[in-house]
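Residue numbers (UniProt numbering): 1 to 243.
Backbone N, C-alpha and C define an ideal beta-carbon position, used for all residues, glycine too.
Please read all numbers here as calculations on a predicted model, not as lab measurements.
Written out below as structure tokens is the structure these notes cover.
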């Protein structure tokens with residue numbers, strides 16, 4: 001979209017160099033500026049995760065998107081204005097809210113005004129999109145896990161362990177904006193999962209498996225299913241003895 005093209009030497013320049021016994025001119029990279037179109041920005045926005053529900057995915061995918069393009073200062077202003085909406089973008093750019101951006105914006109405009117046609121923007125401008133994203137994380141912060149809400153998710157009577165695991169796993173994703181494969185708090189998740197099992201299953205697992213808190217999701221699920229099967233066997237045995 002924003003591309004660098006080689007400025008190929010003309011045939012006359014090549015001939016002149018040859019006549020003078022000099023090496024042929026080397027192609028010079030030329031920065032060709034293609035302004036953003038609104039539909040281009042909206043297409044990127046459409047593919048991004050919801051920043052309120054999955055901020056980690058939003059920032060990850062947005063950083064990937066901007067890493068494939070080179071933006072001028074006007075590009076940056078237009079891109080983020082359309083992407084974030086004028087209110088959030090204005091908040092990011094405000095001097096009192098974002099001094100590292102606001103105090104340098106005028107200086108960046110001066111850099112841009114001095115840029116010769118066909119050359120890349122100043123390095124500060126090239127670095128600006130990532131600085132903006134860092135600042136943006138203070139406006140739409142990464143969510144933290146609400147362990148208190150997760151504590152209310154317990155296995156119901158008659159509910160199989162895998163169904164309970166799926167239910168609390170979905171709750172975790174909803175409350176944290178992340179999936180279990182990417183969080184550092186997996187130990188806390190395992191603890192909540194085991195504590196929420198039916199008391200007979202939870203107590204037996206804890207009493208028998210001393211290292212249960214060090215297990216991953218797959219291991220703890222398998223372990224819980226084993227003690228669930230033992231619990232069901234005991235129930236059946238008790239029912240038969242009563243008859």
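Please classify residue 202 as buried or exposed, where buried requires at least 16 other C-beta atoms within 10 Å of its C-beta.
buried
Mark residue 235 as exposed unless 16 or more other C-beta atoms lie within 10 angstroms of its C-beta, in which case mark it buried.
exposed
Answer yes or no: do residue 105 and residue 75 have a C-beta to C-beta separation smaller than 7 Å?
no
When DSSP builds the beta bridges, which residues end up paired with residue 79?
None, per the DSSP bridge assignment.
Tell me the start and end of each unbroken alpha helix (DSSP H) in the region 184-238 that is at least 4 residues and wholly inside, in chain order.
186-195, 199-208
Distance check for residue 54 and residue 207, CA to CA, integer angstroms please.
37 Å
Quick one: is residue 228 buried, meaning 16 or more other Cβ sit within 10 Å of its Cβ, or exposed?
buried
How far does the alpha helix (DSSP H) with residue 89 in it extend, from its first residue to its last?
86-93
As a quick exercise: from 38, 157, 212, pick the residue whose alpha carbon is nearest that of residue 85.
38
Give me, in chain order, the residues of the same chain whose beta-carbon lies closer than 8 Å to that of residue 130; leave out the 5 immediate sequence neighbours on both sides.
63, 66
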